[in-house]
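Residue numbers (this note's numbering): 4 to 137.
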Ligand code: CO
């Protein structure tokens, strides 16, 4: 069912500093910061040859990233995103295996303008998993 690793998302306390690390120290191509209010984040995309890194910073009062940073002051890996061809088919397969879909269970439009679902970390060895339809 799953395809490529689309991205690894890292929550960062200082977006400008993290962007500079990836751009200036590691020499990666980075995007301008992009606000995604529906998900309570500002994102910088780091383009790597085989995947992307998303630097996530809290946006707004109830950002899930703020809670994460409260528990991980220097930041940390927040989630992994796997590509799927059909998000509804993926959802049915996951639900049939007893995996929990977060939120209302309906796909939301993610940071790349494509439908995404988030899956319960307790069902995936403590890792928050995002699936994105490509
Ligand atoms: Co993501």
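We put the beta carbon where it would ideally sit given N, CA and C, even for glycine.
Assuming residue i and residue j make a contact with CB atoms under 8 angstroms, what is their CB distance in whole Å?
i          : j          : result
residue 43 : residue 66 : 4 angstroms
Less than 8 angstroms separating the beta-carbons of residue i and residue j?
i           : j           : result
residue 103 : residue 126 : yes
residue 86  : residue 5   : yes
residue 223 : residue 10  : An answer regarding residue 223 cannot be provided, because it is not within the stretch 4 to 137 covered by the chain.
residue 59  : residue 38  : no
residue 32  : residue 57  : no
residue 83  : residue 8   : yes
Taking all protein chains shown into account, do 16 or more other C-beta atoms lie within 10 angstroms of the C-beta of residue i, making it buried, or fewer, making it exposed?
i           : result
residue 91  : exposed
residue 118 : buried
For residue i and residue j, I'd like the C-alpha separation in whole angstroms.
i           : j           : result
residue 97  : residue 41  : 24 angstroms
residue 134 : residue 110 : 9 angstroms
residue 79  : residue 88  : 28 angstroms
residue 69  : residue 131 : 16 angstroms
residue 75  : residue 99  : 33 angstroms
Which residue or residues does DSSP assign as beta-bridge partners of residue i?
i          : result
residue 82 : 12
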